[in-house]
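Visitor: Numbering (mature numbering (1 follows the signal peptide of the UniProt record, and there is no 0)), first residue to last: -23 to -1, 1 to 244. In this text, a Cβ means the ideal position worked out from N, Cα and C, and glycines have one as well.
Right, dumping it as structure tokens:
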């Protein structure tokens, strides 16, 4: 169920009047991300459609080098590189009020393997009450409904798609969501669409994805980077078997640009 026209207009007004002005934003980056989701079949495997209004940055820290690893859509990362919970950033072409909370979700639609995804979707994280700080970082202020667990694709599997999505948090999310997802809820066979409809989550405003294969994979294209959040990088995604390689060429833009007026114009 999508947000109402009135709520989107209100949010758009807040974005223009009370937010923080962020860095440069490229509509081409949104186009690249949307195309990447379609090419990787995240639409329709996870979402029925994807029309982002902002860019979601995801930054892992490689434990062996202590350097940052920036996610671009389709990048292939090792299990070691994705061992620690990442940091998240939102960027947009307007202003973003720090008072708006966000929900972050990470799901794997390829569990246990892309060819036999009987446990899809596997919920790797479901966090709430994220807010954008002065550095455009999404900072969590409440305990997650599902704590982050790192990717562990089984030996012999093709690389899995790990989809990271950001949503505007509904006003009653903290009263409705814990009854559906909590510490005792199985992570496997999660359905994001069904959950979203139950809690009125609406459509994601931003997203990205990465690939991770088992530790015996030899074709990892993920590289460590010490680039600052304002820097940029490009990468190619590669995988084996039925998961085709995608060269996205998406410039990483850190922070969040919430062009939510796009949504308001649609209603």
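According to DSSP, is residue 1 helix, strand or coil?
Guide: The predicted position of residue 1 is uncertain, since its pLDDT is 47 and thus under 50; a value taken from the coordinates is nonetheless stated next. The answer is coil: DSSP assigns residue 1 none of H, G, I, E or B.
Visitor: Helix, strand or coil: which one does DSSP assign to residue 9?
Guide: helix
Visitor: Rounded to whole angstroms, what's the CA-CA distance from residue 83 to residue 106? Just pull it up for me.
Guide: 15 Å
Visitor: Measure the Cβ-Cβ separation of residue 59 and residue 37 and say whether it is below 7 Å.
Guide: yes
Visitor: Among residues of its own chain, excluding the 5 on either side of residue 187, which ones have a beta-carbon nearer than 6 Å to its beta-carbon?
Guide: For residue 187, where only same-chain residues beyond five positions count, the Cβ hits under 6 Å are 48, 52, 54, 139.
Visitor: For residue 41, which option in 88, 31, 61 has the closest C-alpha, if you only look at C-alpha atoms?
Guide: Among 88, 31, 61, the Cα nearest to that of residue 41 is on 61.
Visitor: Taking the DSSP output, what are the residues bridged to residue 41?
Guide: None; residue 41 has no bridge partner.
Visitor: What residue range is occupied by the uninterrupted beta strand (DSSP E) comprising residue 83?
Guide: Where residue 83 is concerned, the enclosing beta strand (DSSP E) stretches over 79 to 85.
Visitor: For residue 179 and residue 6, I'd like the C-alpha separation in whole angstroms.
Guide: 22 Å
Visitor: Using the DSSP secondary-structure output, state which residues sit across from residue 104 in a beta bridge.
Guide: 81
Visitor: To the nearest angstrom, how far is it from the Cα of residue 18 to the Cα of residue 3?
Guide: Distance between the alpha carbons of residue 18 and residue 3: 23 Å.
Visitor: Run through DSSP, which three-state label would residue 189 get?
Guide: strand
Visitor: What number of angstroms, rounded off, separates the C-alpha of residue 76 from the C-alpha of residue 177?
Guide: Taking the straight line joining both Cα atoms gives about 19 Å.
Visitor: Please name the residue or residues paired with residue 141 in a DSSP beta bridge.
Guide: 83, 185
Visitor: Going by C-alpha to C-alpha distance, which of 158, 85, 101 sits closest to residue 247?
Guide: This structure gives no information on residue 247, because the portion of the chain shown stretches from -23 to 244.
Visitor: Would DSSP call residue 34 helix, strand or coil?
Guide: strand
Visitor: Identify the continuous beta strand (DSSP E) that holds residue 116 and give its terminal residues.
Guide: 115 to 117
Visitor: Would residue 99 pass as a contact of residue 164 if the rule is Cβ separation under 7 Å?
Guide: yes
Visitor: State the CB to CB distance for the pair residue 130 and residue 191, rounded to an integer number of angstroms; the pair is presumed to be in contact (CB under 8 Å).
Guide: Rounded, the Cβ-Cβ distance is 5 Å, consistent with contact.
Visitor: By how many angstroms is the C-alpha of residue 166 removed from the C-alpha of residue 24?
Guide: 15 Å
Visitor: How many angstroms separate the CA atom of residue 126 from the CA atom of residue 113?
Guide: Roughly 24 Å separates the two Cα atoms.
Visitor: Per DSSP, what kind of secondary structure is residue 132 in: helix, strand or coil?
Guide: In the structure shown, residue 132 falls within a coil segment according to DSSP collapsed to helix, strand and coil.
Visitor: Between residue 29 and residue 183, which are expected to be in contact by the criterion C-beta below 8 Å, what is the C-beta distance as a whole number of angstroms?
Guide: 5 Å
Visitor: Within 10 angstroms of its Cβ, does residue 8 collect 16 or more other Cβ (buried), or is it exposed?
Guide: exposed
Visitor: Following the continuous alpha helix (DSSP H) through residue 171, name the residue where it begins and the one where it ends.
Guide: Secondary structure note for residue 171: its alpha helix (DSSP H) is the uninterrupted segment 169 to 176.
Visitor: Considering only the beta carbon of each residue, do residue 91 and residue 22 sit closer than 7 Å?
Guide: no
Visitor: In terms of residues, what are the limits of the beta strand (DSSP E) holding residue 27?
Guide: That residue, residue 27, is in no beta strand (DSSP E); it is neither H nor E in DSSP.
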